[in-house]
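Number of protein chains: 4
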Amino acid sequence: MTVWSEVENDASYSKYLDHGFVGLVDRMGDDAAIVQAARVSYGKGTKSVSEDRGLIRYLVRHFHTTPLEMVEFKFHLKMPIFVMRQHVRHRMASINEYSGRYSVMTDEFYIPEPSRLQAQSSINKQGSGAPLEGQELEMAFNTISRVSAENYLDYLSLINDPSGRSYNLGDREGLARELARMVLPVNNYTELYWKIDLKNLFHYLKLRADSHAQQEIQMLANLMAQHVKTHCPVAWEAFEDYWQHSISVSRIEHNLLQDIIALSNNTNATFSESYVRMIDTAGDRKALQQKYGMSKRELDEFETLWRLN
Amino acid sequence: MTVWSEVENDASYSKYLDHGFVGLVDRMGDDAAIVQAARVSYGKGTKSVSEDRGLIRYLVRHFHTTPLEMVEFKFHLKMPIFVMRQHVRHRMASINEYSGRYSVMTDEFYIPEPSRLQAQSSINKQGSGAPLEGQELEMAFNTISRVSAENYLDYLSLINDPSGRSYNLGDREGLARELARMVLPVNNYTELYWKIDLKNLFHYLKLRADSHAQQEIQMLANLMAQHVKTHCPVAWEAFEDYWQHSISVSRIEHNLLQDIIALSNNTNATFSESYVRMIDTAGDRKALQQKYGMSKRELDEFETLWRLN
Amino acid sequence: MTVWSEVENDASYSKYLDHGFVGLVDRMGDDAAIVQAARVSYGKGTKSVSEDRGLIRYLVRHFHTTPLEMVEFKFHLKMPIFVMRQHVRHRMASINEYSGRYSVMTDEFYIPEPSRLQAQSSINKQGSGAPLEGQELEMAFNTISRVSAENYLDYLSLINDPSGRSYNLGDREGLARELARMVLPVNNYTELYWKIDLKNLFHYLKLRADSHAQQEIQMLANLMAQHVKTHCPVAWEAFEDYWQHSISVSRIEHNLLQDIIALSNNTNATFSESYVRMIDTAGDRKALQQKYGMSKRELDEFETLWRLN
Amino acid sequence: MTVWSEVENDASYSKYLDHGFVGLVDRMGDDAAIVQAARVSYGKGTKSVSEDRGLIRYLVRHFHTTPLEMVEFKFHLKMPIFVMRQHVRHRMASINEYSGRYSVMTDEFYIPEPSRLQAQSSINKQGSGAPLEGQELEMAFNTISRVSAENYLDYLSLINDPSGRSYNLGDREGLARELARMVLPVNNYTELYWKIDLKNLFHYLKLRADSHAQQEIQMLANLMAQHVKTHCPVAWEAFEDYWQHSISVSRIEHNLLQDIIALSNNTNATFSESYVRMIDTAGDRKALQQKYGMSKRELDEFETLWRLN
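As they're listed, the protein sequences go chains A, B, C and D.
All letters in the first sequence, in the order written, are residues 1 to 309 by this note's numbering.
All letters in the second sequence, in the order written, are residues 1001 to 1309 by this note's numbering.
All letters in the third sequence, in the order written, are residues 2001 to 2309 by this note's numbering.
All letters in the fourth sequence, in the order written, are residues 3001 to 3309 by this note's numbering.
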């Protein structure tokens, strides 16, 4: 497996977590390739820089995403297996990964920084909450460190590697690698080449750089995003404005927003006052919620988004 | 090719345009299949009807779309070739289509209703505008009808079909079908089986039932949508609320909206008054546009959406 | 639409049919990229040129095709619509195509060379047979030429282009382009950018450069193949040896072949004599066919392939 | 996570390894659906049972695989994570998997049968060889069992589960599940719904039921294959004959085979004698190999396949 020290002097590589990395090893196309592909549909016309920028922003804003497929990024990545298990779910990408059947897995395990050892979130069933402290933090850190080290020794023993615990098995082959690896925990590192087009990479970044994604894959996504920003600056900015940080307003929320605005305009009230009146008219908050067909959670989020609470 | 009269008594078929149809010939899964797949991730817990509904709406609202892939629809479709050319661009679907190399194309061409013979839109470069009238309408209708009929006769002549124009070629084979078909215009009908999962069908319907799509494919999309509505009523309603009729509010528009709302709340002004003040403060409309980094078109659309003009 | 004269001085473009072209406009990776991706699975070791060649041949021979996905080709193509209808069926590719809704279709139609005007094959239901001759040839050529020219005039009239037939419609818009195009036959040209990875391109070439494909798409495939040969010479040669010109020998054929060989070796007979004896032993050809579970067609093809008839 | 005892009375479920299972939970289409889709291309004609069988065999034999896409299988699967890591690489399928971020992983680990504890193969770099014996077997079995049990206790401790080792941490939340799972080895079980069409399932089975695949995924593939055999018997038999157990004969091997056959027929020699003469004529085995452009390995395999050694 490639180790960080082999690539750290290569400017296209960044360190990721304790043993991993993100390297951009090849690329096809940039902002100009997007424009070229789009113009085959939309016709020729003038092509000044400002118009190219406008065209790219138009495409992204209206989710006309096929021209984005003309740009490809090929990364060399090293990440823990549990991150890889999320990463591989993005099917519109090409992968060649290190094989634990063919090669010996290496002694590299992700041990989180103490500040990352966070308690289970009490709000988000799949998220992390406050950092652990004191004895609890110490136990967690020690457990992960100890398990990683001990399991690797067990792995070496199974494949009868001389560095493993001694079982006096002489020069025999040891257990097949494809079986011995079963004792390695999912914080063990793996390595891969990963190729994806810009449309699918934007889709990936929307989901995986999001605050609901596991923090480790957010970090991976953000390191890859830097390369997009460098090589496709106009598309990247459009992505941020119209896709990554856009919000989806449902038909229900749209109706409610428009009703509040109309009431504000028609009754000479502020936006907040109008909302309060709408609750009063409906009877109470729950009645308003039912009138619009919203769940309690939707109305809560609506109020937070539009600062009504 | 299957003709409408062969399937019109089958309740799962609907007529489409003048010679086409949409038939649902098989299906796997429904709302319950979506819930089943989602629960394997989210755990078990109680499963009352109302909770299933809430779960499906939650999934669609947050674009957790993989459980929607567990539902499949298989359609039998007949449509003009120019519609097929748009239809086939949806890659995540399976197709078996009538072959003009293997079989003789039939004398079925789409002749639009006179009310559909609309002028080129002066606003939308790829759309239709006002209906043609008088002599212009007559010419258009007659031209399309005549070309369809005459080209078909030419096609028959080329394949030396006895119904074609007589060229006294006796019983010879005639030009290969794969070549003779070259004279058929793209309003000629084709037929296919088309299978797609619900996630990708929703994506299709979002794009093709949209008012910017060509009217003929909108009609096709809406006929297929009826089957989704029948068999997955909860997912369909969630799709309408959170996906089909949702609007994407960009980071830029979100900032502007929040600023207007804040100004309304802080200065005791209505929503509209606040917007006018923001223009005044910036200098003029163009200055406001530049301050927020919007194109003129974006600000126009913003004002229309939030009734500010 | 881009015309041939605009690109003919560009060495990366080749002419295709009468108005079309194949241009390679971008590319990512080559033989070395395949090796790089494969080695991440198979480990490091020495990397001399001859070993790289052996590795690529090994990968292709055993259909370990994921490393081939690391190479991308982006083509600029112009082809008749009926060829595009076959081309687009390859779903694992990216397309941006000229839009007949947005832009005016041009007066470019594929008129085959007289030698290509072949009769329907009497053997192959979807193929072409002997070239037409005399009056039949003349009629076919004239029909295709006339229909193309006349339909284009009808198209111009519909969109109220001054070059169309005069209908005295003044300066009105004319029928919407998205509708007017319906009178254009499928030998009209379209233009596109097309991006595909090498694995999927090999799959395309296997099917479309095959003698059973329509001749026009074979020509397109072969022009693209030239670029693969230039940029990935080792992978190309491996493709030819192990994939494009390999034959698939079924379990049934394999058994029969082995039985003939065993009989030859055991009874001191030639290969052909052994086959004849096997027919005699079975009773007749049909009995042999049934004994091995072959269709008549399979046994016919078997005899042709192994020169037994 | 669903445990085997919950589903063992359901006839559509089979046990897989020690804690896993394969259940067929839904299906769309069968042999008739393949025929229906194919006939839309090939025309109507008579449809007796024998002809349907012939059509399906024809399709599979010529790799006209699109009609196979019309059949869908949906499985409920439970397998170790290291098998899942191979399984997920098949991208043309839909997955909903148990989430270790959302739910607690269960105390189920794959402990291979002693007979499966095989040494590293000395021939196949990614395979298993002879079974371990004696002390070595005991060590391997004990190590895998011990690591599985101890790591699970560490996992419980990390999430502060009362069944874990006591750390006197009271009723606090414990480490987030998304982090705690990092100590679980890849023989821990996961569960998923998996939906795939028949074309892609055949592709999967070709690769994963193959003797070069890891034995654990071969077993998974074979259990799924039983369901295909039951529901699509004609397609299954065609798959076995023409796809799964077919051999790919390269252009090189084809040439050599034909030359041996011609020499046998022309010189009144047996098949084996002819091969020996060809070696003599070339000089030696290596010269023959070079004459045909084969690697040593290819000629070795050729001789084994056609019983020439």
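Yeah, the Cβ is synthetic: ideal placement off N, Cα and C, and Gly gets one too.
Here the structure is a predicted model, which means the values were calculated and not measured.
Per-residue DSSP class, three states only, for residue i
{"i": "Lys1291 (chain B)", "result": "helix"}
{"i": "Ser1050 (chain B)", "result": "helix"}
{"i": "Phe202 (chain A)", "result": "helix"}
{"i": "Lys311 (chain A)", "result": "Here chain A has residues from 1 to 309 only, and residue 311 (chain A) is not among them."}
{"i": "Tyr3016 (chain D)", "result": "strand"}
{"i": "Asn3258 (chain D)", "result": "As written in the sequence, residue 3258 (chain D) is Gln, which differs from the Asn given in the question. Correct three-state label for Gln3258 (chain D): helix."}
{"i": "Leu1184 (chain B)", "result": "coil"}
{"i": "Glu3191 (chain D)", "result": "strand"}
{"i": "Ala3314 (chain D)", "result": "Residue 3314 (chain D) lies beyond the range of chain D shown here (3001 to 3309); nothing can be said about it."}
{"i": "Ala2221 (chain C)", "result": "helix"}
{"i": "Ala3130 (chain D)", "result": "strand"}
{"i": "Ser272 (chain A)", "result": "helix"}
{"i": "Leu2308 (chain C)", "result": "coil"}
{"i": "Pro1162 (chain B)", "result": "coil"}
{"i": "Phe2109 (chain C)", "result": "strand"}
Buried or exposed by the 16-neighbour rule on C-beta atoms within 10 Å, applied to residue i
{"i": "Ser1246 (chain B)", "result": "buried"}
{"i": "Tyr2268 (chain C)", "result": "A small correction: the amino acid at residue 2268 (chain C) is Asn; Tyr does not occupy that position in the sequence shown. Its Cβ having fewer than 16 others within 10 Å, Asn2268 (chain C) is exposed."}
{"i": "Glu1951 (chain C)", "result": "Absent from the structure is residue 1951 (chain C), since the part of chain C shown begins at 2001 and ends at 2309."}
{"i": "Asn1009 (chain B)", "result": "exposed"}
{"i": "Asp197 (chain A)", "result": "buried"}
{"i": "His2227 (chain C)", "result": "buried"}
{"i": "Val3040 (chain D)", "result": "buried"}
{"i": "Gln214 (chain A)", "result": "buried"}
{"i": "Pro2080 (chain C)", "result": "buried"}
{"i": "Thr2270 (chain C)", "result": "buried"}
{"i": "Thr3304 (chain D)", "result": "exposed"}
{"i": "Thr1066 (chain B)", "result": "buried"}
Whole-angstrom distance between residue j and residue i, CA atom to CA atom
{"i": "Ser2014 (chain C)", "j": "Tyr2189 (chain C)", "result": "16 Å"}
{"i": "Lys3291 (chain D)", "j": "Ala3282 (chain D)", "result": "8 Å"}
{"i": "Lys2078 (chain C)", "j": "Leu156 (chain A)", "result": "59 Å"}
{"i": "Arg2285 (chain C)", "j": "Asp1026 (chain B)", "result": "43 Å"}
{"i": "Ser3250 (chain D)", "j": "Ser3272 (chain D)", "result": "20 Å"}
{"i": "Cys3232 (chain D)", "j": "Gly3054 (chain D)", "result": "14 Å"}
{"i": "Tyr1098 (chain B)", "j": "Ala3038 (chain D)", "result": "9 Å"}
{"i": "Ala2225 (chain C)", "j": "Leu3137 (chain D)", "result": "54 Å"}
{"i": "Val234 (chain A)", "j": "Ile56 (chain A)", "result": "7 Å"}
{"i": "Leu1299 (chain B)", "j": "Gln1289 (chain B)", "result": "7 Å"}
{"i": "Ala238 (chain A)", "j": "Asn200 (chain A)", "result": "15 Å"}
{"i": "Arg3116 (chain D)", "j": "Phe82 (chain A)", "result": "26 Å"}
{"i": "Pro185 (chain A)", "j": "Asn151 (chain A)", "result": "8 Å"}
{"i": "Tyr2275 (chain C)", "j": "Trp3306 (chain D)", "result": "16 Å"}
{"i": "Ala1221 (chain B)", "j": "Val35 (chain A)", "result": "30 Å"}
{"i": "Leu17 (chain A)", "j": "Gln218 (chain A)", "result": "11 Å"}
{"i": "His3076 (chain D)", "j": "Asp3210 (chain D)", "result": "22 Å"}
Bridge partner(s) assigned by DSSP for residue i
{"i": "Leu1024 (chain B)", "result": "B:Phe1075"}
{"i": "Ala3282 (chain D)", "result": "Ala3282 (chain D) pairs with nothing; no bridge assigned."}
{"i": "Asp1197 (chain B)", "result": "B:Glu1072"}
{"i": "Ile247 (chain A)", "result": "B:Val1249"}
{"i": "Leu1156 (chain B)", "result": "Paired residue(s): none; Leu1156 (chain B) is not in a bridge."}
Taking contact to mean at least 3 C-beta pairs separated by less than 8 Å, is the stretch 98-116 of chain A in contact with the stretch 3101-3113 of chain D?
no
Does the count of Cβ pairs from the stretch 3126-3134 of chain D and the stretch 172-183 of chain A closer than 8 Å reach three?
yes
For the 8 Å Cβ check, are there 3 or more pairs between the stretch 2114-2125 of chain C and the stretch 1137-1152 of chain B?
no
Members of the stretch 2207-2229 of chain C near chain E, C-beta cut-off 8 Å
Among the protein chains in the structure shown, which are A, B, C and D, there is no chain E.
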